[in-house]
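S.K.: Residue numbers (my numbering): 46 to 326. For glycine and all other residues, C-beta sits at the position ideal for the given N, C-alpha and C. This structure is a prediction, so every number in the text was calculated from the model and none was measured. Have a look at the structure that comes next, please.
Rendered as structure tokens:
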């Protein structure tokens, strides 16, 4: 009975004007039955242009945005893969709507070349009792499964960071080799250098020096992009110029000596015991 019709929260009749005719005989009895269709639009989730639009009563505003100052690092994409602008994604959602019923953004967010997704953070806004909103920290993730929100507003912020440089495997240097400290040499020590854009700059961290003494060493290499810096340590081994016979078997079978053993030649010092003794250093 339309006289007792109650609106369905989150659904809106497409039109509120419809002519309904009843056909009766002279005794007032209905002579035919007709079917009347009432069409509703699903308005549980309203997509907004930005956070400045007015939020309807009984709705929670969800804002998904990139952290301030990081728009050049990446962006947010909706569930269809469409990249959002600087205002991010803004939705007004009827109270009680579950997370799985919402058009959540893609996770992880889309990082630009040279950067990578770091984390989500969130802030929940509640009525402060004076007509305004006060915020408190929420979960460091997107809403999940049956999670819902009854507060007026929640903001999810994605954070990016400069991609971490990955050092090559331990570099082995012959005694006559040296490690150049120019920018190109620094780039050659980074395994994922091709994951950065052309304007990324690779270099050795200030104060780093090449140590040419035999043994295992490390040196710091950094990459800079758009004012951001990330660094890593690269291991390098300088081979000895002399290996004693007692150590040769171990050296020649090691992962660093096996490919360089051919570059060494044996040198044997002999003498007559009755004339003197050979003493090593």
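Which residue marks the beginning of the alpha helix (DSSP H) containing residue 86, and which one marks its end?
M.R.: Careful: residue 86 lies outside any alpha helix (DSSP H), inside the beta strand (DSSP E) at 85-87.
S.K.: Report the three-state DSSP secondary structure of residue 24 (helix, strand or coil).
M.R.: Residue numbering for the chain in the displayed model covers 46 to 326; residue 24 lies beyond these limits and cannot be assessed.
S.K.: Find the nearest neighbour of residue 85 within the set 313, 191 and 52, judged by alpha-carbon distance.
M.R.: Residue 85 has its Cα closest to that of 52, out of 313, 191 and 52.
S.K.: Where does residue 299 fall in DSSP's three states?
M.R.: Coil at residue 299, not helix or strand.
S.K.: Counting pairs of beta carbons, one from the segment 138-152 and one from the segment 171-191, are three or more of them closer than 8 Å?
M.R.: With a cut-off of 8 Å, the segment 171-191 and the segment 138-152 count as touching, because enough Cβ pairs lie within range.
S.K.: Whole angstroms is fine: what's the gap from residue 173's alpha carbon to residue 281's?
M.R.: In a straight line, the C-alpha of residue 173 is about 59 Å away from that of residue 281.
S.K.: Would you report the Cα separation of residue 283 and residue 255, rounded to the nearest angstrom?
M.R.: Spanning the two alpha carbons is a distance of roughly 10 Å.
S.K.: For residue 269 and residue 159, I'd like the C-alpha separation in whole angstroms.
M.R.: Looking at the two C-alpha atoms, the distance is approximately 10 Å.
S.K.: Would a C-beta distance cut-off of 7 Å place residue 119 and residue 82 closer than the cut-off?
M.R.: Contact: no.
S.K.: Can you find a CB in chain B that lies within less than 7 Å of the CB of residue 296?
M.R.: Given the protein chain composition of this structure (a single chain), no chain B is represented.
S.K.: For the segment 62-71 against the segment 110-128, are there 3 or more C-beta pairs whose distance is under 8 Å?
M.R.: Judged by Cβ distances under 8 Å, the segment 62-71 makes no contact with the segment 110-128, as fewer than three pairs qualify.
S.K.: Helix or strand or just coil, what does DSSP make of residue 46?
M.R.: Bear in mind that a pLDDT of 45 at residue 46, under 50, signals an unreliable position, so the number given afterwards is only what the model happens to contain. Coil, per DSSP.
S.K.: Could you say which of 105, 90 and 76 lies nearest to residue 200 if we only look at CA atoms?
M.R.: For the residues 105, 90 and 76, the minimum Cα distance to residue 200 belongs to 105.
S.K.: Could you tell me which of 73, 246, 205 and 248 sits nearest to residue 163, measuring between CA atoms?
M.R.: For residue 163, the nearest C-alpha among the options comes from 205.
S.K.: Provide the residue span of the alpha helix (DSSP H) that contains residue 229, from first to last.
M.R.: Where residue 229 is concerned, the enclosing alpha helix (DSSP H) stretches over 228-233.
S.K.: Could you tell me whether the segment 205-219 touches the segment 121-136, using the rule of 3 or more Cβ pairs below 8 Å?
M.R.: Touching, no, given that fewer than three Cβ pairs across the two stretches are closer than 8 Å.
S.K.: Quick one, which of 226, 210 and 304 has its alpha-carbon nearest residue 242's?
M.R.: For residue 242, the nearest C-alpha among the options comes from 210.
S.K.: Rounded to the nearest angstrom, what separates residue 107 and residue 272 at their Cα positions?
M.R.: Near 31 Å, if we compare the C-alpha coordinates of residue 272 and residue 107.
S.K.: Compute the Euclidean distance between the alpha carbons of residue 324 and residue 302, then round it to the nearest angstrom.
M.R.: Going by the C-alpha atoms only, they are around 26 Å apart.
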